[in-house]
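So the structure is just underneath, and the comments pick up after that.
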Amino acid sequence: MQLSINGKPADVSATDLSALLLELEYGEARIATALNGEIVHKGDRAATTLQAGDAIEIVAPMQGG
Amino acid sequence: MQLSINGKPADVSATDLSALLLELEYGEARIATALNGEIVHKGDRAATTLQAGDAIEIVAPMQGG
Amino acid sequence: MQLSINGKPADVSATDLSALLLELEYGEARIATALNGEIVHKGDRAATTLQAGDAIEIVAPMQGG
Amino acid sequence: MQLSINGKPADVSATDLSALLLELEYGEARIATALNGEIVHKGDRAATTLQAGDAIEIVAPMQGG
Amino acid sequence: MLNFYGQALDSRLLLGTAQYPSPAVLAEAVQSSGAQIVTVSLRRESSQERAGQDFWNLIEGMGTRVLPNTAGCHSVKEAVTTAHMAREVFDTPWIKLEVIGEEDTLQPDVFGLVEAARILCEDGFEVFPYTTDDLVVAERLMAVGCEVLMPWGAPIGSGRGLNNPYGLRTLRAHFPGVPLVVDAGIGLPSHAAAAMEMGYDAVLLNTAVARAGDPARMARAFSQAIEAGRSAFEAGPIESRDMAEPSTPVMGKAFLS
Amino acid sequence: MLNFYGQALDSRLLLGTAQYPSPAVLAEAVQSSGAQIVTVSLRRESSQERAGQDFWNLIEGMGTRVLPNTAGCHSVKEAVTTAHMAREVFDTPWIKLEVIGEEDTLQPDVFGLVEAARILCEDGFEVFPYTTDDLVVAERLMAVGCEVLMPWGAPIGSGRGLNNPYGLRTLRAHFPGVPLVVDAGIGLPSHAAAAMEMGYDAVLLNTAVARAGDPARMARAFSQAIEAGRSAFEAGPIESRDMAEPSTPVMGKAFLS
Amino acid sequence: MLNFYGQALDSRLLLGTAQYPSPAVLAEAVQSSGAQIVTVSLRRESSQERAGQDFWNLIEGMGTRVLPNTAGCHSVKEAVTTAHMAREVFDTPWIKLEVIGEEDTLQPDVFGLVEAARILCEDGFEVFPYTTDDLVVAERLMAVGCEVLMPWGAPIGSGRGLNNPYGLRTLRAHFPGVPLVVDAGIGLPSHAAAAMEMGYDAVLLNTAVARAGDPARMARAFSQAIEAGRSAFEAGPIESRDMAEPSTPVMGKAFLS
Amino acid sequence: MLNFYGQALDSRLLLGTAQYPSPAVLAEAVQSSGAQIVTVSLRRESSQERAGQDFWNLIEGMGTRVLPNTAGCHSVKEAVTTAHMAREVFDTPWIKLEVIGEEDTLQPDVFGLVEAARILCEDGFEVFPYTTDDLVVAERLMAVGCEVLMPWGAPIGSGRGLNNPYGLRTLRAHFPGVPLVVDAGIGLPSHAAAAMEMGYDAVLLNTAVARAGDPARMARAFSQAIEAGRSAFEAGPIESRDMAEPSTPVMGKAFLS
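In C-alpha cells, the structure reads:
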C-alpha cells in the first residue's frame, strides 16, 4: 500500500500503525507518531488501520534551543 | 420619572430621549447620546421611549491626546 | 616649644623629630612623617631638629579606595 | 638658485621672497608664505633674502572642516 | 507625501489638545505647530456648563482636521460605542483607537485592540490604532482593515522617547508601504527627529508640548525637528563609522615643522 | 543670543566647507543651512592652478564669516605657524585650533592644545579650541584665554553622534556662562538636536552634510534640528518619568460598559 | 529558591542543546554550565539512522531535566500536536511553547501563543511560554494557567542582549511573584547578569554558548554571570548617582602643600 | 595571566577597603572576593587612638598585596609626597596615583597626573595611574614609565558603570599589550563583566561592594562576574546580528498542519 512516511512515499504491507513500525524496524526506539496530522498515542497504534495515501509522521528526540 | 443622567440621579417629565434633551435645554448643542450603554443616534432619539431607572449618557467634545 | 602636630597646636620638649615621636609615645607604630610639607624618612628623624612653629605631619595606614 | 617650493625643487633667479612671488607670477593672489618653517609676513617678504636650499611654503585658502 | 486614508497632508506632526494651561495657549500651540490634525475626545456634558460647545468652537476655528480618540476605554464594547458617538459628534470616520490594557503603562490591550479594530473597520471607520511595536499585532490590525499604524514610543505622558528603537526599526522595515506614526512617550524634539530618521511617517504628541514651559515655542520646536528628521531620511544620511576620517583633506598640507 | 568673542550671531550652526561634490553644491548647502560661520583651511598653492583663489572667491560671495582651522597639525609649532598664516590669508583673529594627537580617532592632543592656545591667545588670536569633554582641560583652556570651547561629540567624520552624553552634560553644567560648541562626530539631525537640548550653544558640522545624498537638503535639516533643540532647551521641556500619565483627562468619562 | 511548577532548582541557567560542533562538546558544555534543565526538540526519525536515539542516550546520561520545545511551529494546531508528541517521547508535562509569528525576528505570535497555552494547560501540560515583554499578553498567559513566563530579550540567535530593558523591568515589577525567564537574544554574560540584576529568575540560552569558540568555557562564564547577577539582586546594590563621592574618606588627610 | 610590574596574579578584581560597616565585614568581603590586591590610604594618626595600627594588623592578616593610593591629592607635590610616605609605611613601590582635578566628578587632572607619574617613575615607584580614557594622556603616561593604566568607568562612587564604552574600547584596541584596569564608577556586576568582555585586564572597585546591603555577597558576585567576562573574552563570543536565526534546526520538522 502506498503511504507517505515522514514526507517520503513508501510502499508497505503493514495495515496498522504498530505493524508498520515493526515492518520499518523501529523496535524499541523512543518515538511518537502522527497520522494525517493527528497524534496517534502509543497505545492506539495497533488499533489504527492505515489506508492508501495516509501521511504518517514518526518523530524522535533532537537537539533544540 | 427617575433616571440616571451622566451618572447623576434626575427626576424628569420627558418620556422620550429627544424630549429629554429639550427639557434639559441642550438645544443645538453638539452631543451624542447613549441609553443603558448603547448609542442612540440623533435620528432615533424621538422614537426612544424612556423608562424609570434608565441610564442616559450625554457626551460632547473635549480635549484629548 | 610650640609646634603644630597633625594640624593641632602642641607644646613639646623634644628638639628633634625622633625624640618627638618618643615623647608622643608612638613607639613601634607604623607611621611616616613630614616636616613643613616635606617627607622626613625614618632614618633622618634623629638628625631633624625642630624649631618653634614647625608643622609636623604623622600619618599611618587607613582605609582607601 | 636651487630652492624647495611647496616641497618641490625649483631653480629660480629671484634673490628675495617678494621677487620670487613675482617670478612665479602669484600676482595679487591671496597667499601666505613661510621660509624654512617660519612665517614671513607680507611686509617682510622684500627684506627676506633667499639662500640656496631654502624651503619656501606658499599657501592659499582651501576647503576645511 | 503623507497620506492617511486618502487624505494628503503636508504636516507630519499630529497634536493632542489636552492639558494646556488655557484655551488660548492651546490655540497658539496648534497654530505654531503647523499641525493639520489634532486629537480630541468626548466627555459628559451638562446642559448648564456646555464646556464641550466652547471647546468645539475653539477647535473649529483652527481649521484643522480632528482625530477623535477612545482614550480611557478598557473594553472592546466601550471603545466601539465611544467611536460611534465620536463619529456622530465630530462627523468624521477617523478614530484613534485606544483599548487600554494596563494602568501603569497605559499600554494597549492588543487582543481587544484587534477585535475593536475589526468591528470598527466593518462599520466603516478609518481606524488609527494605538498599538505596540509587535509585528504580528500589526499584521492582524492590517488584516482587519487598518491602513495606518500608531506604535507607541514609550508610555503615554512619560516623555521617555523611544524605548525600543530596534523594535521600531524592525516594524518600519516590515511594513515599507504603510503609514506609521509614533504615538505616545515622546519628550523631546530629538526623540521625534530620531523616529523620523528611522523612516516613520509622522509623530503624535501631546504632553511634551502642553506641559512645556512655553507650549507654543515647544510646538514649533517639534514641528522643526520632525521636518528635519524627515528631510534627513530622504536626503540620504552618511553611514556611521567607528574610526575617524579627516573632513579637511590632508593632501597639499604645508610642511611647517 | 549666541556670541563668540563679542560677535553676535543668529545661526547656531557652523558649517565646514570640505568634501562637497562640487563648489556649486557647497554654495547651495551653505545657503540653505543659514550658517553665518563656515570653516576653512590652508593648503599649498601653485601659481598655475590658483585653486585657492577660486575657492576664496566662492567663500567671499557667501557673505559668511570664516573660521580658519589648523586641521592636520600635530605639533604646537605647526599649529601656531598655521594659525598665523591663516590670519594673514583670511584677515581674521579667529582660529579653530586643532592639535591632533592620534590618527585613528583624530582626537585632540590636550597637552599641545593648551600650549598652542596659550601662545595664540597671547598673540591676539580669538581661539576656538577643538577639545574633549575633559573638565580640567577646559579649565586650562579658559585660563589661557579661550572664551569658547568646542568639545567633540565623536571622532571627526564618524557620524556616531554623542559618544559620552554624561561627559557633555557635566561640561555644560560646569561652565554655564561659556559658549560651548559640539564639534565633530555628528551624523544625524537628532544628534545635533540632542546636543542643543542639553544646553549647548551651537554645533559644528561638515561630513554629515557634505557627504549626504542631498547636501543642501541635509544642511537645512540640521539647521532646523539645531533650532528645534535650542527652542526646546529654552521652552522648558517636561521631565521624563517611568510610569504613564493619561494625556486625555479621565474625569467625566461616560459609562458605557 | 527557584521553583518551576513545584520543581525546586539550584541552577538559574537553562541551556539549549542545538548547534554544538559535536555531541561531546555539547555534553561538556552542559556539564560546565551546571544547568539542571536543557531544552530539546523533536524531528523526523528514520529507522535506519536512529540519530534521535543516540541523542536521547546522550541527554539521559547528563542527568538533567528536559524541557521540550515546539520550535518552528507557526500554528496553534501544530504547536499543540507537537507538544503532545513531545510529552509521549520525553515523558514530561513540561513544554517550552513557541508559536512563531514572523520569520525575520522569530517573534512569538501572541494570539496563537495564548490560545495554544490555554489548550495545553487544559490538557495538563506545564507550559513555559516563549513570549514578548507585553504585560497584557503576560496576564492572559497566566489567566489560562501558565505559572512561568519566558519573555524574549532579543530575536532568537541575534546575541543582541536586552533590546528593551524598560519593558523587561516593567514586566518584572508587574509580576513580583511569578518565575520570569529571559529567553532568547542573549549574547554575552554581561547581558545575562543584567537580566538577573533586574530581578529575573533565570536565563535560557543556546546560540551564545553553542556557537562560541569554546562552548564549555562560555557555558561556565554564563553560569557565573547568572549567579553574580542574582547575588547582586539579593545583596542590595548601591543606587547610581550623577555626581562623584570619594570612596577614601577625606577626614584626617595630611596637609602637605 | 595577569601581570602588574612583574607580579603575576590570579584574581582580576582589585578591592578598596573603605566605607565598610565594620572591620569584620571588610575582612569577610575581601576574603569572599578572592582579591589579591587591596587599595589602602594614609591619614593622620594620633598616638592615643592608633586606629591606623589596628587597620594595618587587619590588612596584614588578609595576606593580600596592598596598593596605596594618593586619594584626595590635588597637586603634584602633595601626590608625590604622599606617595613617598606611603612607600615608607606600606613598604611597597606600588602606588595608585590620583591627582584630582575637579570636585564634582573627582576626575583626574591629566596634566598633574602625567607630571606626578614622571617624578614617581624616576623615583623608582611602580605607578598605577587613575586616568581618563584619553588615548593621548595614556601615551604620555606610558612614555614617562607607567606600565599599567587605570581609566575610569564613571565618577568615583557614582555606580554609573561605563559612561563611554566607545572610548574604553578604543583605548583597549590602542594598547593591546598594556594591562588596563577599569577603576571607579562600577555599580553592578554586569558593568564589570562588560568591561572584561571588552578585553580589560581587571577591575578596581570599592563603593559598589562596601555600600551594598551584603558586602561579602556582593564581593563574591563581582568576582564571579569578572571571571565570567574574562572567560567570555577568551572563549570567543558570537557576533551580534540584527535578524533572528533559529537555534533549533528546521530541517526534518514534522508536517502537522
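Chains as they are written, first to last, in our numbering: chain A, 61 to 125; chain B, 61 to 125; chain C, 61 to 125; chain D, 61 to 125; chain E, 4 to 260; chain F, 4 to 260; chain G, 4 to 260; chain H, 4 to 260.
Glycine residues also receive a C-beta, built at the ideal position from the N, C-alpha and C atoms.
Subject >> Buried or exposed (CB count within 10 angstroms, at least 16 for buried), LYS256/H >> reply: With 16 or more other CB atoms across the displayed protein chains lying within 10 angstroms of its CB, LYS256/H is buried.
**OP:** Decide yes or no for the touch test of the stretch 94 to 102 of chain C against the stretch 110 to 121 of chain C: beta carbon pairs closer than 8 Å, at least 3 of them.
**Re:** The stretch 94 to 102 of chain C makes contact with the stretch 110 to 121 of chain C: 3 or more CB pairs, one atom from each, lie closer than 8 Å.
Original post:
Along the stretch 170 to 182 of chain G, what residues have a CB closer than 9 Å to any CB found in chain E?
Top reply: Interface annotation for the stretch 170 to 182 of chain G against chain E: GLY170, THR173, ALA176, HIS177, criterion Cβ-Cβ distance under 9 Å.
Original post:
Of the choices ARG90/B, ARG105/B, ILE99/B, whose alpha-carbon is the least far from that of TRP59/E?
Top reply: Comparing alpha carbon positions, the residue from ARG90/B, ARG105/B, ILE99/B closest to TRP59/E is ARG90/B.
Subject >> Residues of the stretch 241 to 256 of chain G whose Cβ lies closer than 8 Å to any Cβ of chain C, in chain order >> reply: Flagged, chain order: PRO249, SER250, THR251, PRO252, GLY255.
Subject >> Residue of VAL43/G, ILE159/G, GLY127/G minimising C-alpha distance to PRO249/H >> reply: For PRO249/H, the nearest C-alpha among the options comes from ILE159/G.
Original post:
In chain J, which residues lie with their C-beta within 9 Å of the C-beta of GLU85/A?
Top reply: Among the protein chains of the structure shown, namely A, B, C, D, E, F, G and H, there is no chain J.
Original post:
Which word fits GLN62/B, buried or exposed, when buried means at least 16 other C-beta atoms lie within 10 angstroms of its C-beta?
Top reply: Within a 10 Å sphere around the beta-carbon of GLN62/B sit fewer than 16 other beta-carbons, which makes this residue exposed.
Subject >> Cα-Cα separation between ALA107/B and HIS101/B, rounded to whole angstroms >> reply: Cα to Cα, ALA107/B sits roughly 10 Å from HIS101/B.
Original post:
Going by other Cβ atoms of all chains shown within 10 Å of its Cβ, with 16 needed for buried, is LYS68/C buried or exposed?
Top reply: When all chains shown are included, LYS68/C counts as exposed.
Original post:
Does the stretch 225 to 245 of chain G touch the stretch 205 to 219 of chain H, meaning 3 or more C-beta pairs lie closer than 8 Å?
Top reply: As far as the Cβ criterion goes, the stretch 205 to 219 of chain H touches the stretch 225 to 245 of chain G, which means the pair count is three or higher.
Subject >> CB contact flag (PRO192/H, GLY232/G, <8 Å) >> reply: Yes, the Cβ-Cβ distance between PRO192/H and GLY232/G is below 8 Å.
**OP:** Please go through the same chain and pick out, in chain order, the residues whose beta-carbon is closer than 6 Å to the beta-carbon of SER64/A, but skip the five residues on each side of it.
**Re:** Counting only Cβ-Cβ distances below 6 Å, and skipping sequence neighbours, we find ALA115.
Original post:
Is the CB-CB distance between ASP137/G and THR135/E below 8 Å?
Top reply: Taking 8 Å as the cut-off, the beta carbon of ASP137/G is found closer than this to the beta carbon of THR135/E.
**OP:** Using the DSSP secondary-structure output, state which residues sit across from SER64/D in a beta bridge.
**Re:** PRO69/D, ALA115/D, per the DSSP bridge assignment.
Original post:
Across which residues does DSSP place ASP186/F in a beta bridge pair?
Top reply: Bridge partners of ASP186/F: LEU207/F.
Subject >> Whole-Å CB distance - VAL92/H paired with ILE62/H, under 8 Å assumed >> reply: At roughly 11 Å, the Cβ-Cβ gap does not stay under 8 Å, so VAL92/H and ILE62/H are not in contact.
Subject >> ALA70/C beta carbon less than 8 Å from that of GLY55/H >> reply: Not a contact, by the Cβ cut-off of 8 Å.
Original post:
Are ALA247/E and THR20/F closer than 8 Å when you measure CB to CB?
Top reply: Cβ atoms of ALA247/E and THR20/F: not closer than 8 Å.
Original post:
With a CB to CB cut of under 6 Å and the five nearest residues on each side skipped, what residues in its chain are close to GLY170/F?
Top reply: Shown here for GLY170/F: same chain residues with a beta carbon closer than 6 Å to its own, the five before and five after excluded, namely ASP136 in chain order.
Original post:
So the beta strand (DSSP E) THR134/H belongs to, where does it begin and stop?
Top reply: From DSSP, the beta strand (DSSP E) with THR134/H extends over 129 to 134.
Original post:
Would ASN66/A count as contacting chain G if we go by Cβ distances under 8 Å?
Top reply: Taking CB atoms only, ASN66/A has a neighbour in chain G less than 8 Å away.
**OP:** Give a yes or no on whether 8 Å exceeds the smallest Cβ distance from PHE58/E to chain B.
**Re:** Yes, because at least one Cβ of chain B sits closer than 8 Å to the Cβ of PHE58/E.
Subject >> Residue environment, THR251/F, which counts as buried when at least 16 other CB atoms sit within 10 Å >> reply: THR251/F is buried by the Cβ-count criterion.
**OP:** Evaluate PHE114/G with the Cβ neighbour count: other Cβ atoms within 10 Å of its Cβ, from every protein chain shown; 16 or more gives buried, anything less gives exposed.
**Re:** Buried, by the Cβ-count rule.
Subject >> In DSSP terms, what LYS99/E is bridged to >> reply: Answer by DSSP bridge pairing, in chain order: ASN72/E, PHE131/E.
Original post:
Between SER44/E and ARG223/E, which are expected to be in contact by the criterion C-beta below 8 Å, what is the C-beta distance as a whole number of angstroms?
Top reply: That belief does not hold up - the Cβ atoms of SER44/E and ARG223/E are roughly 24 Å apart, past 8 Å.
Subject >> chain E residues whose Cβ lies nearer than 8 Å to that of ALA94/D >> reply: Those are ALA257, LEU259, listed as they occur along chain E.
**OP:** Answer yes or no: do ARG244/H and GLY202/H have a C-beta to C-beta separation smaller than 8 Å?
**Re:** No.
**OP:** Compare the C-beta of ILE91/B against all C-beta atoms of chain E and say whether one is closer than 8 Å.
**Re:** By this cut-off, ILE91/B is an interface position.
**OP:** Within 10 angstroms of the Cβ of LEU82/D, are there 16 or more other Cβ atoms? Answer buried if so, exposed if not.
**Re:** With fewer than 16 other Cβ atoms within 10 Å, it is exposed.
**OP:** Measure from the C-beta of GLN123/D to each C-beta in chain E and report whether the shortest distance is under 8 Å.
**Re:** Contact with chain E is found for GLN123/D, since one of that chain's Cβ atoms lies less than 8 Å from the residue's Cβ.
**OP:** Flag this pair as touching only if the stretch 77 to 90 of chain F and the stretch 6 to 13 of chain F have three or more C-beta atom pairs under 8 Å; answer yes or no.
**Re:** No: the two stretches stay apart, fewer than three of their Cβ pairs being nearer than 8 Å.
**OP:** Sort out for me which residues DSSP pairs MET122/C with in a bridge.
**Re:** Paired residues: SER44/H.
Original post:
Is there at least one Cβ from chain F nearer than 8 Å to ILE118/D's Cβ?
Top reply: It does; some Cβ of chain F falls within 8 Å.
Subject >> Candidates SER14/F, VAL117/F, GLY66/F, SER50/F, of which the one nearest GLU142/F by Cα >> reply: Considering only alpha carbons, the answer is VAL117/F.
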